[in-house]
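These notes are about the structure you will find just below.
Numbering (this note's numbering), first residue to last: 133 to 325.
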């Protein structure tokens, strides 16, 4: 977890500019679902997560791998999403939208609030820093980690429904276990240009 003082120090150093995106999820249990971002420096990409309808932001993560467009992750509630990449969670807590209404996105014609941004919309450097300052300083008493028992049960239901049975000693935290290749024709159609 980054302290507010550490964040202020990092702001002054102004690191290499890295893309930052707001990612919106349809369901709370699809928190790790990510849209395909064709970026060469994946380790620099920062993502801000929120779940549609929850009226709060859930966390900040960074990409730790490139995007694989030739596979599909089998544990999403809906199998309509293709592509896969790994993330590392940097900050995880529930912070209500109302505390971010002052963060205006200067890259939009109407200077809308970050709480109204669309899925995968880029968040500019200054707005991202303002968001992170507020997110870091907010005293939250809940986070996605509080619901892990619930998420584990949902994962087991999806595994049973899709016939994804693993041996008893299998590591269910190894997400590679749940990746399947797309048909070659599908992968070619969906490959970024």
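C-beta: ideal position from N, C-alpha, C; glycine also.
{"Check": "Check whether residue 204 and residue 296 have beta carbons under 7 angstroms apart", "Outcome": "no"}
{"Check": "Residue nearest to residue 245 in terms of C-alpha spacing, selected from 257, 313 and 263", "Outcome": "263"}
{"Check": "Residue 247 versus residue 290: straight-line alpha-carbon distance, rounded", "Outcome": "31 angstroms"}
{"Check": "Helix, strand or coil at residue 281 [DSSP, three-state]", "Outcome": "helix"}
{"Check": "Three-state class that DSSP yields for residue 291 in the structure shown", "Outcome": "helix"}
{"Check": "Cβ neighbour criterion (16 or more within 10 Å) applied to residue 185", "Outcome": "exposed"}
{"Check": "Residues bridged to residue 221 (per DSSP)", "Outcome": "193"}
{"Check": "Residue from 218, 226 and 239 whose Cα sits closest to the Cα of residue 277", "Outcome": "226"}
{"Check": "Cutoff 6 angstroms; reference residue 258; Cβ partners in own chain excluding five residues on either side", "Outcome": "none"}
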